[in-house]
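> The opening residue of the sequence shown carries number 35 in the numbering used here; numbering runs sequentially from there.
Ideal Cβ placement from N, Cα and C applies to all residues, glycine included.
Here it is: the structure, laid out below.
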Amino acid sequence: MFIAVSSEGALLEAPLSVLHTGRGSTAIGEHTQATGGSTTLDRAELFKALGFPAQLNIDCTHNSNIHRAVLQKVFINCVINPLTAMFNCRNGELLSNARYHASFVALCAELQAVYNALERESNSAAAAAGEPAPKAFELAQRAAKVARATAANQSSMLSDWLAGRRLELDSLNCHIGEAARELGIACPLNTGIIEQLQPKR
35 MFIAVSSEGA LLEAPLSVLH TGRGSTAIGE HTQATGGSTT LDRAELFKAL
85 GFPAQLNIDC THNSNIHRAV LQKVFINCVI NPLTAMFNCR NGELLSNARY
135 HASFVALCAE LQAVYNALER ESNSAAAAAG EPAPKAFELA QRAAKVARAT
185 AANQSSMLSD WLAGRRLELD SLNCHIGEAA RELGIACPLN TGIIEQLQPK
235 R
């Protein structure tokens with residue numbers, strides 16, 4: 035089984051009508067390869083394994099630690115999605131609006147501490163298994179890159195908020211908040227965001 039994580043931007047305009055709002059990248063890896071590994075497929079091999087046409091025009095790479103990539107995407111979504119719902123704005127406005135950007139930077143800094151603690155635990159296990167340490171993950175930098183690439187996109191959480199649907203807080207900010215509590219890390223901004231969006235949780 036393969037797992038994919040993507041930063042492509044898309045907006046559901048109507049049933050069966052999706053607007054591509056920003057180019058991103060897609061990482062794909064084997065579900066069973068939870069930590070590292072030497073297996074690397076080039077683009078042609080990956081597309082063949084997945085049954086994709088060779089001419090498919092997407093930035094797609096094989097990731098030998100897809101679970102780490104998924105965790106990073108969760109943290110990025112914990113920044114972009116709730117803030118766009120709170121401010122009723124498109125992704126790019128988190129960078130162009132000074133007030134929104136201040137909240138963006140502060141939330142990234144707060145959640146970075148949680149990610150770093152989780153990463154230390156993961157790296158300790160990887161080191162015990164003789165695996166190399168992964169490249170450092172900078173949440174503010176990566177989240178800004180995604181927001182910039184999908185500037186015109188309306189996040190899924192904002193779409194749900196405007197439509198009065200249940201928000202995905204449980205699988206995003208609430209989940210990370212629980213991890214922070216277990217690690218003994220205070221996350222007042224994240225907690226405040228959850229409380230503000232709670233009525234439509």
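Looking only at C-alpha atoms, which of Phe86, Glu47, Ile37 sits nearest to Thr66?
Looking at the Cα atoms, Ile37 is the closest of the given residues.
> By Cβ distance, which residues of its chain are closer than 6 Å to Val52, with the 5 residues on each side in sequence left out?
Closer than 6 Å at Cβ, skipping near neighbours: Ala44, Leu46.
> Taking 7 Å as the cut-off, decide whether the C-beta atoms of Asn115 and Met191 are in contact.
In this structure, Met191 lies closer than 7 Å to Asn115 by Cβ.
> Beta carbon of Ala61, beta carbon of Val113: below 7 Å?
Their beta carbons are not under 7 Å apart, which means Ala61 does not touch Val113 by this criterion.
> Cα separation between Glu64 and Asn99?
Their Cα atoms are separated by approximately 8 Å.
> Can you round the beta-carbon distance between Val148 and Ala220 to whole angstroms, since I take them to be within the 8 Å contact cut?
Going by Cβ atoms, the distance from Val148 to Ala220 rounds to 10 Å, so no, they are not a contact pair.
> Please report the straight-line C-alpha distance between Asn125 and Arg102, rounded to a whole angstrom.
So the alpha carbons of these two residues sit roughly 23 Å apart.
> Which class does Glu212 belong to by DSSP, given the choice of helix, strand or coil?
The answer is helix: DSSP assigns Glu212 an H, G or I state.
> If you draw a straight line from the C-alpha of Gly71 to the C-alpha of Phe81, how long is it?
The pLDDT assigned to Gly71 is 46, lower than 50, so where the model puts this residue is not dependable; a value taken from the coordinates is nonetheless given after this. Distance between the alpha carbons of Gly71 and Phe81 is about 20 Å.
> Quick check: the Cα distance between Leu231 and Arg199, rounded to an integer number of angstroms?
Each residue's alpha carbon lies about 12 Å from the other.
> Please confirm if the segment 194-210 is in contact with the segment 132-139, defined as three or more CB-CB distances below 8 Å between the two stretches.
With a cut-off of 8 Å, the segment 132-139 and the segment 194-210 do not count as touching, because too few Cβ pairs lie within range.
> Let me know if Leu50 comes out buried or exposed under the rule of 16 or more other beta-carbons within 10 Å of its beta-carbon.
So Leu50 ends up on the exposed side.
> Which of the three DSSP states, helix, strand or coil, is assigned to Ala132?
Of the three classes helix, strand and coil, the one that applies to Ala132 here is helix, per DSSP.
> Give the range of the beta strand (DSSP E) segment to which Ser40 is assigned.
It spans 36-40 - the beta strand (DSSP E) in which Ser40 sits, taken as one unbroken run.
> Looking only at its own chain, which residues have a Cβ that is under 7 Å from the Cβ of Tyr134, when we skip the five neighbours before and after it?
Only Leu117, Phe121, Cys123, Glu127, Leu128 meet the Cβ criterion.
> Between Phe171, Ala78, Asp93, Phe109, which has its C-alpha nearest Glu42's C-alpha?
It is Asp93.
> What whole-angstrom Cβ distance do Ser40 and Gly58 have, given they're in contact under 8 Å?
So it is a contact: roughly 6 Å between Cβ atoms.
> Counting along the chain, where does the beta strand (DSSP E) carrying Thr55 start and finish?
Here the beta strand (DSSP E) through Thr55 covers 51-56.
> Starting from the C-beta of Ile210, find all residues in its chain whose C-beta is less than 8 Å away, skip the five residues before and the five after it, and write them out in chain order.
Result list for Ile210: Val108, Phe109, Cys112, Leu145, Val148, Cys221, Asn224, in chain order.
> Pull up the CB-CB distance for Leu105 and Cys142, whole angstroms please, since I reckon it's below 8 Å.
Not quite, the Cβ-Cβ distance comes to about 15 Å (not below 8 Å), so this is no contact.
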